[in-house]
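Reviewing the structure listed below.
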Amino acid sequence: MAYQVTLIPGDGIGPEVAEATKRVLEATGIAFEWDIHDAGVTALEKHGDVLPEQVVASIRANGVALKGPLTTPLGTGFRSVNVALRHALSLYANLRPARTYAGVRSVFSNIDLVVVRENMEDLYAGIEFDTGQADTAEIIATINRLSPRKVAESAAVSVKIITPENSARIVRFAFDYAVKNERKLVTSVHKANIMKFSDGLFLRVSQEIAKEYPQIEFNDRIVDNMCMQLMQRPEDYDVLVMPNLYGDVLSDLTAGMVGGLGVAPSANIGEQAAVFEPIHGSAPSHAGKNEANPSAMILSGAMMLRHLGELSAAKAVEEAVAGVIAEGRQVTYDLRPDRDRSKAAGTSDMATAIIERLSA
Ligand code: NAD
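Structure (structure tokens):
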């Protein structure tokens, strides 16, 4: 039976990399019924809404979505359509694997890390008070009444929310991922030495949950030290779990360690739905030119296959992508050492080369 999957081609280079991905996934022999929807600027132009309700409803019904990048137009009331989608579907876990691909330029080699980022709370919960506003003055007055540390009246305030429930949920997700994917170590990343209550809570919960998984090693690192360790001894780490803000920063750091946006897939996973997407944006300057690198979205498709339990197809896609990149002949300009567009493969040619490897 075919898998019902919501497909959001997205904006900018999205439709091109989405088409390439669709072709590769179909070439695995697994059957899909694509429920295709617009979101972002494309949806705004066609339906007057960046995130039409039917998109969210389709993902809820299918449980799985493959999504291209979305442009958040200014002045729509959304900070980010992507964040709105994650919140609408309670996609609490952001999963960002970073793995070295031979043929992708990087100062690091043999990197194989997974960042698990909490997606719903922390400083990104969106609870903010602007400088000079009446409600901000009320918040500051309350803090100054209750806390020995005083806040300047001119301050802007962002609230950091860490709950034991959401911390436990994300840490458990990281351990379950480690068990399922035969990983050995989970590292909890925090700044509990300074933020003793919020990050202290995250660390305590991490330590408690770790006891439930005696087969997986556990340690913790302060976030600044974690950055240095990743630069010096990345081979000592495996699965890294952390609150939202650190996860945002560290997942870009690890993506940079394996050569950047072109090969960085991701997943946003919740209890009822999962959305798979490349981490890159809509790169409007490359749109419509058949020159964008489809690898990140194809690898996101492989993550989706894994999520669906299609492990051998997932592995085959990952190996085919790795093979084409390592060979270096049918790759997009960004993967060429000379970045010469005239000698590079187009988006669709690269997908064809990946498909040929799949069937070889
Ligand atoms: P971007 O990722 O779109 O582009 C940054 C640069 O990276 C581009 O100029 C391009 O040179 C390169 N690049 C990115 N993807 C590439 C690919 N597949 N192949 C070749 N080169 C690639 O980031 P940006 O310019 O900051 O953002 C553009 C738009 O994308 C914004 O509207 C932003 O809001 C949106 N965005 C969306 C998502 C998402 O949907 N998840 C993520 C990030 C940014």
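Counting with this note's numbering, you get residues 1 to 360 for the letters of the sequence shown. Where a beta carbon is used, it is the ideal one built from N, C-alpha and C, also for glycine.
How many Å lie between residue i and residue j at the Cα?
i      : j      : result
Ser198 : Arg329 : 50 angstroms
Thr352 : Ile139 : 57 angstroms
Val223 : Ser359 : 44 angstroms
Leu25  : Leu308 : 13 angstroms
Val81  : Lys184 : 35 angstroms
Ala93  : Ala314 : 20 angstroms
Tyr246 : Ala255 : 14 angstroms
Gly259 : Pro9   : 24 angstroms
Val114 : Asp238 : 6 angstroms
Asp130 : Ala141 : 14 angstroms
Phe173 : Gln54  : 28 angstroms
Arg145 : Val151 : 10 angstroms
Ile438 : Arg23  : The question about residue 438 has no answer here: the residues shown for the chain are numbered 1 through 360.
Phe276 : Glu153 : 43 angstroms
Lys191 : Ala178 : 23 angstroms
Val241 : Ile143 : 31 angstroms
On a CA-only basis, which of the options is nearest residue i? Give me that one, please.
i      : options                        : result
Asp35  : Glu45, Ala27, Val64            : Val64
Leu123 : Met303, Arg336, Ile162         : Ile162
Ser348 : Pro337, Lys289, Ala302, Leu299 : Lys289
His87  : Ala134, Met231, Gln272         : Gln272
Thr42  : Phe32, Gly14, Tyr333           : Gly14
Val205 : Cys227, Met120, Arg221, Glu165 : Glu165
Ser106 : Ala283, Leu335, Arg341, Ile355 : Leu335
Gln232 : Pro214, Val56, Ser109, Met1    : Ser109
May I ask you to check if the CB of residue i is nearer than 7 angstroms to at least one heavy atom of the ligand NAD?
i      : result
Glu19  : no
Ala283 : yes
Asn119 : no
Ala37  : Rather than Ala, the amino acid found at residue 37 in this sequence is His. No, the Cβ of His37 stays beyond 7 angstroms of every heavy atom of the ligand NAD.
Glu277 : yes
Thr71  : yes
Asn293 : yes
Ala98  : no
Val262 : Per the sequence shown, the amino acid found at residue 262 is Gly instead of Val. Yes, Cβ of Gly262 sits closer than 7 angstroms to a heavy atom of the ligand NAD.
Ile325 : no
Ala296 : yes
Thr332 : yes
His87  : no
His286 : yes
Given a cut-off of 8 angstroms, decide if residue j and residue i are closer than it, judged by their beta-carbon atoms.
i      : j      : result
Gly262 : Ser295 : yes
Leu70  : Ala39  : yes
Ala283 : Ala98  : no
Glu128 : Val157 : yes
Ile30  : Glu291 : no
Ser300 : Leu66  : yes
With 8 angstroms as the threshold, decide whether the Cβ of residue i is near any Cβ in chain D.
i     : result
Ile59 : Of the protein chains in the structure, only one exists, and it is not chain D.
Inset, instruction - With a floor of 3 residues, list each beta strand (DSSP E) that falls wholly inside the region 19-70, ordered by position along the chain. - result: Within the region 19-70, the complete beta strand (DSSP E) runs of at least 3 residues fall at 32-36, 64-67.
Legend entry - Contained alpha helix (DSSP H) runs [length at least 4] in the region 143-208, N- to C-terminal order: Counting only unbroken stretches of 4 or more residues, the alpha helix (DSSP H) elements lying wholly within the region 143-208 are 164-180, in sequence order.
Inset, instruction - Ignoring anything shorter than 4 residues or poking outside the region 227-265, list the alpha helix (DSSP H) runs there in chain order. - result: Listed in chain order, they are 244-257.
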